[in-house]
Each structure stands twice: as C-alpha cells, then as structure tokens.
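Novice: I am attaching a structure below and will ask some questions about it afterwards.
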Amino acid sequence: MAFELQKGIEQTTYRRANATFYTLCRNSDLYELLETIQNYNNRFNDKFKYDWIFLNDKPFTEEFKRAVQAITTGNAYFDQIPEEYWSLPENLNVTKMYAGMKLLRDDPDGAAPYATSLSYRHMCRFESGFFYKQKLLQKYRFFWRVEPGVRLKCDINHDLFKEMEDNNYDYGFTIGMVEYSKTIPSLFKSMRSALQSLGKDHLLTDTDNYSEFVFDRNTNDYNYCHFWTNFEIGNLDVFRSKEYNEIFEALDRYNGFYYERWGDAPVRSLILSLLLKKGTIKRFSNIGYTHPPYTQCPTNEKVHLSHRCTCDPSLDITNEWYSCSWIFDNIESGENPLGISTHA
Numbered sequence: 000m001a002f003e004l005q006k007g008i009e010q011t012t013y014r015r016a017n018a019t020f021y022t023l024c025r026n027s028d029l030y031e032l033l034e035t036i037q038n039y040n041n042r043f044n045d046k047f048k049y050d051w052i053f054l055n056d057k058p059f060t061e062e063f064k065r066a067v068q069a070i071t072t073g074n075a076y077f078d079q080i081p082e083e084y085w086s087l088p089e090n091l092n093v094t095k096m097y098a099g100m101k102l103l104r105d106d107p108d109g110a111a112p113y114a115t116s117l118s119y120r121h122m123c124r125f126e127s128g129f130f131y132k133q134k135l136l137q138k139y140r141f142f143w144r145v146e147p148g149v150r151l152k153c154d155i156n157h158d159l160f161k162e163m164e165d166n167n168y169d170y171g172f173t174i175g176m177v178e179y180s181k182t183i184p185s186l187f188k189s190m191r192s193a194l195q196s197l198g199k200d201h202l203l204t205d206t207d208n209y210s211e212f213v214f215d216r217n218t219n220d221y222n223y224c225h226f227w228t229n230f231e232i233g234n235l236d237v238f239r240s241k242e243y244n245e246i247f248e249a250l251d252r253y254n255g256f257y258y259e260r261w262g263d264a265p266v267r268s269l270i271l272s273l274l275l276k277k278g279t280i281k282r283f284s285n286i287g288y289t290h291p292p293y294t295q296c297p298t299n300e301k302v303h304l305s306h307r308c309t310c311d312p313s314l315d316i317t318n319e320w321y322s323c324s325w326i327f328d329n330i331e332s333g334e335n336p337l338g339i340s341t342h343a
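If you want it as structure tokens, here you go:
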C-alpha cells in the first residue's frame, strides 16, 4: 500500500508543472539520500516545492519515512515495487544467467561493476520497462530521477519542469557517455532483431530522430553512447506509449538484463533516440552535476559565477574521450556526430 505524507497548503500562486521527483532506493540509503535531498532543496526545490516519490523493492521503515518527510519541501510519497516488476522472467535460463555472471566476474581485465549482482539486474530491468507503471506516478506527466549520493553543483533558478513543458521537450539529461561494452555484447544485435520483428528497423537510419546519437552510419554499427540516466527529466507519456513498450517488450524477450548485464541507460537511450524527434531532447549543459566519479561543470565563467557553482570546471566530462555529450551537441547544432557541418 502506498504511504503518503502531505505538507500544508503553500502560500503561493505559482503554477507548477504536473511533475515529481522520483527516487528508487533502499532503507540503507537513508543518510546518503538525506544529504542529496537537502542539496536539491538548496539548489532548486526550496523555490518550487515539487513532490517526491520514493520506491523500494522492500517496505520502507517508519524511521525512513519520518526522516525523509522532515526534509522534503514538497509532498513525499512512498511505495513498494510489486514483485512481478522485481523478479526473474518466467522464460529465463538460470544456468545461463549464472554463467554470464561468472564471465563478467572472472574477466582477465577485471570484474565488471555489479558483475554478479542480481538486484542490480532487477533494477536495470525495472528502470527500463516498469518504473512508469507504478501507481504513484500515474497522476504525473513529468519525472526527475534522482539517485542517493548525487549532487547539484550550481543553483538552478528557473523551473526545469516548466522549461520541459513550455518547449515541448520529452527528455532532458546532463551527461552522455559510452557504456562498458562487456556488459552489453549482444544489446545492439538484439535491438536490431527486435526492431525488425516490429517492422521498425528504419528507425536506425531515419534523419528526423536522434538515431545518430547511438548509431554510427559510417560503420553501420552501435557506438555505445547513452544518456546517463541518474540525472534525467522525462515525459512519462513517452514511456507509457504503445511505441516505447512494444520495443521494450520485444527487446526484453532476449533476457539480456540477466544473461549479460544490460544497463537501463543504454537500453532506454537506444529506444528514446529512435522514437523521439529532433528538438524534443534537451541537454542541460549549464547545470553543474556530480555522480561520482563523473562531473558536469559549466566552463563559462559568467555562468559559473551567476549560478554560484562549486564544481571545478577542469573536471567537466564534456570533452573527455568517453563522453558522448559533444556528439549530442553536434547533432543539435546541425553538424554530424563527427563535427562536420551539414549546413548548405
């Protein structure tokens, strides 16, 4: 049963967007989460007072709910994820799954992160194809995902939810980067097959979507780029759409979340890049944001000072070799992903 705590009536006439923060967490994340919530309050939500939804695969403790409610500035809502959204698929070959875990654990170059974690695999599948089906999220149009331990490094003085709404953006992010390829060796092959089964393989070469963010037309192959989903603002109507769910369900049949270790970021980035039209994805390049070990930090001094940023611009990930942010920026500016102008 969902647990809800409501704040008193706010003395303001400000019209918020139909939106909420959203965090998937565990009871053990409490104190790290409180630091993150306080940071988001200071940098953004003290001004706008948006609601916050907290989900857990286990029941939240009363201590957790009291502590979180005491620090949030909007209404706080808590719920447990249904078992069917956090369990092994019926058609899964468990022996094959454990063999895949062992392969990642024993890699000569070093074990992959979360190589043998079953809960991490459940999480990635949930965030890819089930989070938006949660009852608490149904009344909202937009969500802003926040993970315990992340930090905003600059003030955000305007309402990002309203920016999304007013400009018809369906998805917003800060950092783009390449995925650890050994965790997704068959992802793109599976995606191609899923698209072909749906008669949608043309999406890989369409020019009015963001396919160039994930698909290199020079090599006719996947480039491993993804939106780093620990900071994202999204239109839930996109995730609820028939088109999104058709692709997810066709892809999910390959059980790559378990046989390999598909992450929600590469999976969702592939689907969104193919479905969303140019002009509907926003990169928030002036937002300072840290999810250890990576940081986005404005390098423009005027922006850095006016937004009271505390991050080191020299640590900005944007132009690192493993960043894909610049690829997205080139697409948005009318250049191809390699930076060659496509304007006449």
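Numbering of the sequence shown is given in numbering that gives the first Met the number 0, commencing with residue 0 and proceeding in unit increments.
Idealized CB from N, CA, C, for every residue including glycine.
Note that the structure is a prediction, hence the values are computed from the model and not measured.
1) Go through its chain and collect everything with a Cβ distance to Asp236's Cβ below 7 Å, but skip five positions before and after it.
2) Do you know how far the Cα of Leu269 is from the Cα of Phe142?
3) Once the 5 residues before and after Asn166 are set aside, which same chain residues still bring their CB inside 8 Å of it?
4) If the criterion is Cβ atoms closer than 8 Å, does the pair Asn55 and Gln79 meet it?
5) Tell me the DSSP bridge mates of Asp315?
6) Please classify Val266 as buried or exposed, where buried requires at least 16 neighbouring CB atoms within 10 angstroms.
7) Taking the straight line between their C-alpha atoms, what separation do you get for Lys48 and Val93?
8) Please classify Ile155: does DSSP put it in a helix, a strand, or coil?
9) Note down the Cα distance separating Lys106 from Asn299, rounded to an integer number of angstroms.
10) For Gly233, is the classification buried or exposed, using 16 other Cβ atoms within 10 angstroms of its Cβ as the cut-off for buried?
11) So the alpha helix (DSSP H) Asn329 belongs to, where does it begin and stop?
12) Run through DSSP, which three-state label would Ala16 get?
13) Between Thr22 and Tyr170, how many whole angstroms is the CB-CB distance? I'm expecting something under 8 Å.
14) From this set, Ile70, Phe125, Phe53, Asn38, which residue's C-alpha is nearest Trp85's C-alpha?
15) Determine the closest residue to Leu271 out of Tyr243, Ala249, Phe283, Tyr293, with distance taken between C-alpha atoms.
16) Look at the alpha carbon of Glu83 and the alpha carbon of Asp205, and state the distance between them as a whole number of angstroms.
17) One question on the structure: do Met190 and His225 come within less than 8 Å of each other, judged by their Cβ atoms?
18) Please determine if the segment 153-168 and the segment 13-22 are in contact, where contact requires at least 3 C-beta pairs separated by less than 8 Å.
19) Name the one or two DSSP bridge partners that Thr309 has.
20) For a quick check, are the C-beta atoms of Glu259 and Ser185 less than 8 Å apart?
21) Taking all protein chains shown into account, decide if Lys64 is buried (16 or more other Cβ within 10 angstroms of its Cβ) or exposed.
22) Let me know the secondary structure DSSP gives Leu54 once reduced to three states.
23) Quick check on Gly287: buried or exposed, where buried means 16 or more other Cβ atoms within 10 Å of its Cβ?
24) So, under 8 Å CB-CB, Arg144 and Thr228 are touching, yes? Tell me the CB distance rounded to an integer number of Å.
25) Pull up the distance between the alpha-carbon of Leu103 and that of Ala110, whole angstroms please.
Specialist: This is what the structure gives:
1) Mapped onto the sequence shown, residue 236 falls at position 237. Taken in chain order, the residues that qualify are Arg140.
2) Residue mapping note: residue 142 aligns to position 143 of the sequence shown, counting from 1. Residue mapping note: residue 269 aligns to position 270 of the sequence shown, counting from 1. Their Cα atoms are separated by approximately 19 Å.
3) As a position in the sequence shown, residue 166 is number 167, starting the count at 1. Counting only Cβ-Cβ distances below 8 Å, and skipping sequence neighbours, we find Lys281.
4) Counted from its first residue, the sequence shown places residue 55 at position 56. Counted from its first residue, the sequence shown places residue 79 at position 80. Going by C-beta atoms, Asn55 is nearer than 8 Å to Gln79.
5) If you number the sequence shown from 1, residue 315 lands on position 316. Beta-bridge pairing links Asp315 to Thr294.
6) Here residue 266 refers to the residue found at position 267 of the sequence shown. It is buried - the Cβ of Val266 has at least 16 other Cβ atoms within 10 Å.
7) For the purposes of this step, residue 48 is taken as the residue at position 49 of the sequence shown. For the purposes of this step, residue 93 is taken as the residue at position 94 of the sequence shown. Cα to Cα, the separation comes out at about 45 Å.
8) In the sequence shown, the residue the question calls residue 155 occupies position 156. Coil at Ile155, not helix or strand.
9) Mapped onto the sequence shown, residue 106 falls at position 107. Mapped onto the sequence shown, residue 299 falls at position 300. In the sequence as displayed, the identity of residue 106 is Asp instead of Lys. Each residue's alpha carbon lies about 41 Å from the other.
10) Translated into positions along the sequence shown, residue 233 becomes position 234. So Gly233 counts as buried.
11) Within the sequence shown, numbered from 1, the residue matching residue 329 stands at position 330. Looking at the DSSP string, the run of the alpha helix (DSSP H) that includes Asn329 is 324-331.
12) If you number the sequence shown from 1, residue 16 lands on position 17. In the structure shown, Ala16 sits in coil (DSSP, three-state: anything other than H, G, I, E or B).
13) Indexing the sequence shown from 1 puts residue 22 at position 23. Indexing the sequence shown from 1 puts residue 170 at position 171. 18 Å between Cβ atoms; not a contact.
14) Taking the first residue of the sequence shown as 1, we reach residue 85 at position 86. Closest by alpha carbon: Phe125.
15) Here residue 271 refers to the residue found at position 272 of the sequence shown. Comparing Cα-Cα distances from Leu271 to each of Tyr243, Ala249, Phe283, Tyr293, the minimum goes to Tyr243.
16) As a working mapping, residue 83 is identified with position 84 in the sequence shown. As a working mapping, residue 205 is identified with position 206 in the sequence shown. Answer to the nearest angstrom: the Cα atoms are 35 Å apart.
17) Within the sequence shown, residue 190 is the residue found at index 191, counting from 1. Within the sequence shown, residue 225 is the residue found at index 226, counting from 1. Cβ distance not < 8 Å, so Met190 and His225 don't count as in contact.
18) yes
19) Taking the first residue of the sequence shown as position 1, residue 309 is located at position 310. None; Thr309 has no bridge partner.
20) Counting from 1 along the sequence shown, the entry for residue 259 is found at position 260. Counting from 1 along the sequence shown, the entry for residue 185 is found at position 186. It is a contact, given that the beta carbons lie within the stated cut-off.
21) As a position in the sequence shown, residue 64 is number 65, starting the count at 1. It counts as buried.
22) Along the sequence shown, one-based indexing puts residue 54 at 55. The answer is strand: DSSP assigns Leu54 an E or B state.
23) Your numbering for residue 287 matches position 288 in the sequence shown. Looking at its Cβ environment, which holds 16 or more other Cβ atoms inside 10 Å, Gly287 is buried.
24) Translated into positions along the sequence shown, residue 144 becomes position 145. Translated into positions along the sequence shown, residue 228 becomes position 229. That pair is a contact at about 6 Å.
25) Along the sequence shown, one-based indexing puts residue 103 at 104. Along the sequence shown, one-based indexing puts residue 110 at 111. Approximately 6 Å, taken between the alpha carbons.
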